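Novice: To start, I am sharing the structure in question, which I have written as structure tokens.
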Amino acid sequence: MYYVNFKQKKIMDGINKFSCMTYEQIKKLNNLKDLDKQLKILVNQKRLKLIEENVYVPMGKKTANKKILRVLEVYIHLAYADHKVPIEWCEIVDFPFILAFFRNNKIFHIAVIDEGEELPYSTAINRREAERIILILENVSQMEKIKINKNLKCCTVKNGVVIFL
């Protein structure tokens with residue numbers, strides 16, 4: 007039986023909450039100087055599994071959810087863009103959104119729309135009660151195919167870089 011220290015618990019809590027995280031996402035959210043050491047211990051204890059080149063998942067999971075990885079990039083971008091207005095909480099939510107978070111007394115919902123998913127997502131989002139929506143698109147050309155009658159912002163995520171359109 008292995009025990010986890012506070013740093014390891016913090017890493018595990020994030021990965022369990024989101025089901026997968028990249029090394030860079032773990033690093034940005036936890037700000038640990040000895041992250042490599044802590045991750046090595048968790049992998050050796052079979053609490054985490056390293057898949058692909060830099061994606062960690064809890065033991066028992068075989069794949070990473072690519073949409074969650076993109077949502078986390080936007081979440082991290084917003085969390086550190088303005089330190090005066092912190093994100094107070096966030097939760098994984100159901101379709102059509104992936105994440106909801108509370109910031110500046112407002113609730114935001116994030117959805118990821120891949121190429122070809124514009125119509126079903128537009129319909130589903132229009133039926134939901136969300137007021138402030140962030141859409142993560144694969145490319146800019148998708149914007150003309152999206153028919154959402156709500157307050158929304160669109161962005162793309164490429165190689166960890168978030169660009170709001």
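Per the numbering used here: the sequence shown = residues 7 to 171.
We put the CB at the ideal spot given by N, CA and C, even for glycine.
Everything numeric in this text was worked out from a predicted model, so none of it was measured.
Should Ala85 and Ile93 be called a contact, given that it needs their Cβ atoms to be closer than 8 Å?
Specialist: Indexing the sequence shown from 1 puts residue 85 at position 79. Indexing the sequence shown from 1 puts residue 93 at position 87. In contact: Ala85 and Ile93 (Cβ atoms closer than 8 Å).
Novice: Is Pro64 helix, strand or coil when you go by DSSP?
Specialist: Walking along the sequence shown from the start, residue 64 turns up at place 58. Correct three-state label for Pro64: strand.
Novice: Considering Lys151, what are the terminal residues of the alpha helix (DSSP H) in which it resides?
Specialist: Within the sequence shown, numbered from 1, the residue matching residue 151 stands at position 145. Per DSSP, Lys151 belongs to no alpha helix (DSSP H) and is neither H nor E.
Novice: Using a Cβ distance threshold of 8 Å, determine whether the segment 53-60 contacts the segment 99-107, with at least three qualifying pairs required.
Specialist: At 8 Å Cβ cutoff, the stretches do not touch.
Novice: Which residue from Ile119, Ser25 and His89 puts its Cα closest to that of Ile140?
Specialist: The residue given as residue 140 occupies position 134 in the sequence shown. Taking only the C-alpha atoms, the option nearest Ile140 is Ile119.
Novice: Mind checking who Met27 pairs with in its DSSP beta bridge?
Specialist: Along the sequence shown, read from residue 1 onward, the residue named residue 27 stands at position 21. Answer by DSSP bridge pairing, in chain order: Tyr62.
Novice: When we look at the beta-carbon of Glu124 and count the other beta-carbons within 10 Å, is it buried (16 or more) or exposed?
Specialist: On the sequence shown, position 118 is the one that residue 124 refers to. Label assigned to Glu124: buried.
Novice: Can you tell me the Cα-Cα spacing of Asn132 and Phe170, whole angstroms?
Specialist: In the sequence shown, residue 132 corresponds to position 126, counting from 1. In the sequence shown, residue 170 corresponds to position 164, counting from 1. Approximately 21 Å between the Cα atoms of the pair.
Novice: Identify, in the order they occur along the chain, each residue of the same chain with its Cβ nearer than 8 Å to the Cβ of Cys161, setting aside the five sequence neighbours on each side.
Specialist: To locate residue 161, count along the sequence shown from 1; it is residue 155. Hits under 8 Å: Val80, Ile140, Leu141, Ile142, Leu143, Val168, Ile169, Phe170 and Leu171.
Novice: In the DSSP output, which residue or residues are listed as bridge partners for His115?
Specialist: To locate residue 115, count along the sequence shown from 1; it is residue 109. Ala106 and Ile139.
Novice: Classify Phe12 as helix, strand or coil using the three-state DSSP reduction.
Specialist: As a position in the sequence shown, residue 12 is number 6, starting the count at 1. Here Phe12 sits in helix by DSSP.
Novice: From Lys13, Lys34 and Tyr9, pick the residue whose C-alpha is nearest to that of Ala87; which is it?
Specialist: Numbered from 1 along the sequence shown, position 81 holds the residue referred to as residue 87. Closest option to Ala87, Cα to Cα, is Lys34.
Novice: Looking at C-alpha atoms only, which residue of Tyr29, Ala70 and Pro64 is the closest neighbour of Asp19?
Specialist: Taking the first residue of the sequence shown as position 1, residue 19 is located at position 13. With distances taken between Cα atoms, Asp19 lies closest to Pro64.
Novice: Starting from Glu97, follow its DSSP beta bridges and name the residues at the other end.
Specialist: Start at 1 with the first residue of the sequence shown, and residue 97 comes out as number 91. Ala106.
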